[in-house]
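Residue numbers (the UniProt record's numbering): 1 to 152. The structure appears right after this line, and notes come after that.
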């Protein structure tokens, strides 16, 4: 049996992810945000992380790209760094006032984009899609973790 590689879940999810990224980027750019910055801003907004290491873990990216992103975000006035009172080598990261002010509009734009992308889906289908994607991500994380452990 000859399968169509362009119809595999991996390829279709990649196409959907790129489509969502383009849509989100076009709607966030006028607000001064990039789509890659949203996990950082959400983590800071919700108080889930405040160090570079915590933000990298939360956003599921490696430390070097996170450091580069934070440097750009600081340059663009989206975040501010302050010395960590508990660790002089580290700094605490907080969302700048301008970013706090624009976050509700950015989040609304993302929700609207998601709603538009799911046109024709029932609420149950949309909920099922989210559940399936969460399970898929969990499986992929487990595979990656097992493979990185095996390489040690």
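Backbone N, C-alpha and C define an ideal beta-carbon position, used for all residues, glycine too.
Neighbourhood of residue i by C-beta distance below 8 Å, restricted to the same chain and skipping five residues each side
i, result
"residue 96", "77, 78, 79, 80"
"residue 103", "41, 45, 95"
"residue 136", "9, 13"
"residue 111", "none"
Alpha-carbon to alpha-carbon, residue j and residue i
i, j, result
"residue 134", "residue 85", "37 Å"
"residue 113", "residue 24", "7 Å"
"residue 33", "residue 115", "20 Å"
"residue 154", "residue 119", "Since the first residue of the chain shown is 1 and the last is 152, residue 154 is not available in this structure."
"residue 59", "residue 6", "28 Å"
"residue 16", "residue 88", "43 Å"
"residue 44", "residue 18", "25 Å"
"residue 139", "residue 29", "32 Å"
"residue 10", "residue 47", "33 Å"
"residue 142", "residue 127", "23 Å"
"residue 144", "residue 64", "19 Å"
Residue i vs residue j beta-carbon contact at 8 Å
i, j, result
"residue 42", "residue 55", "no"
"residue 31", "residue 105", "yes"
"residue 124", "residue 27", "no"
"residue 52", "residue 67", "yes"
Neighbour-count burial assignment, residue i, 16 or more Cβ in a 10 Å radius
i, result
"residue 93", "buried"
"residue 1", "Note on residue 1: pLDDT 49, under 50, position unreliable in the model; no value is reported."
"residue 37", "buried"
Close-in-space but distant-in-sequence residues of the same chain around residue i (CB under 7 Å, 5 per side omitted)
i, result
"residue 91", "81, 82, 83, 84"
"residue 150", "none"
Member of the options whose CA lies at the smallest distance from the CA of residue i
i, options, result
"residue 74", "57, 48, 99, 21", "99"
"residue 172", "152, 150, 117, 63", "Summary: the structure shown does not reach residue 172, with the chain confined to residues 1 through 152, and so no result is reported for it."
"residue 35", "149, 107, 101, 129", "107"
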